[in-house]
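Sequential numbering of the sequence shown, starting at 2, is according to this note's numbering. The beta-carbon is built from N, C-alpha and C at its ideal position, and this holds for glycine as well. Please read the structure below before turning to the comments.
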Amino acid sequence: MSHTDKKTPTHIAIIMDGNGRWAQQQGHERTFGHQNGVEAVRSVIEGAGEMGIRYLTLYAFSTENWNRPKEEVEMLMTLLVHSIHNELERLMANHVRLMMTGRINDLPDACRNALEDAIHQTAGNDGLTVILALSYSGRTELTDAVRKIASDCAKGLRNADDIMADDIQHALYHPNIPDPDILIRTGGECRVSNFLLWEIAYTELFFSPIMWPDFRKTHLAEIINAYQNRERRYGKIGEQVREH
Ligand code: FPP
């Protein structure tokens, strides 16, 4: 694969940041930004499907987000339930398979039930897979993986000296989903904020100044285009990755 070939990314992950600031800039409550963020989610899911992306992971709620004011947390959970109900028909029509990553048991019952139901209903769809990261953090995912492995060691099922990187990979929430090719963060901040820490080892990072409620599939297409003009070397030198 030459670096000039236009390879479609398989997996795109997005930190959807800037909802609160977008709303406050217009003199509204922060929650108004979350409501308008749903339109951006819709556009990006549609665009990713059209562009042949296989996996789209969206950071909808971090473990740290539980520390926000109670009203904002409640509003986000309610918005999630409503959005799942409202969008389910469209997801089915577009052959989208819904999944989640994170600690599902942390979510309020209504939210967990709506999510599990939508995951079940869309499980047979063969188009884009949308993975909602909810009550997710990269360090929590790694902590849960370490717990699984340590418990196997304590039971004598594994030997600590034999643990390899692949064993850690297999203990993650979704070991078979390929690592993201692209990580996008909207809203102008340039940090990873505890998202997919293991999985983004070789991911191309893109930081967009656009606030999430204004982000659309056209912006996604621009980023994919920029990605296709970057060269991924995985620790090798340019000549080596350009050989094939
Ligand atoms: C970050 O903006 C955004 C969130 C914490 C929530 C994301 C939720 C949505 C986009 C809506 C619902 C999602 C789905 C999947 C239907 P922020 O509040 O941190 O913004 P700020 O940095 O400007 O404060």
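- For residue 189, same chain residues with a beta-carbon under 6 Å away, outside a window of 5 residues either side, are 210 in chain order.
- Closest option to residue 127, judged by alpha-carbon separation, among 14, 55, 240 and 18: 55.
- Its chain contains 142, 146 and 199 as the residues whose beta carbon lies nearer than 7 Å to that of residue 173, once the 5 sequence neighbours on both sides are disregarded; these appear in chain order.
- Between the ligand FPP and residue 76, a heavy atom-to-CB distance of less than 7 Å is absent.
- Following the DSSP letters along the chain, one finds residue 113 in no beta strand (DSSP E) but inside the alpha helix (DSSP H) bounded by residues 110-123.
- Within the model, the alpha-carbon separation for residue 112 versus residue 233 is close to 39 Å.
- Secondary structure remark: continuous beta strand (DSSP E) runs of at least 3 residues inside the segment 172-211, in chain order: 183-186 and 205-208.
- Ranking 170, 157, 102 and 122 by CA distance to the CA of residue 64 puts 102 first.
- With contacts defined as CB atoms closer than 8 Å, residue 94 and residue 221 fail to qualify as a contacting pair.
- The beta carbons of residue 167 and residue 12 sit no closer together than 8 Å.
- Not one heavy atom of the ligand FPP lies closer than 7 Å to the C-beta of residue 95.
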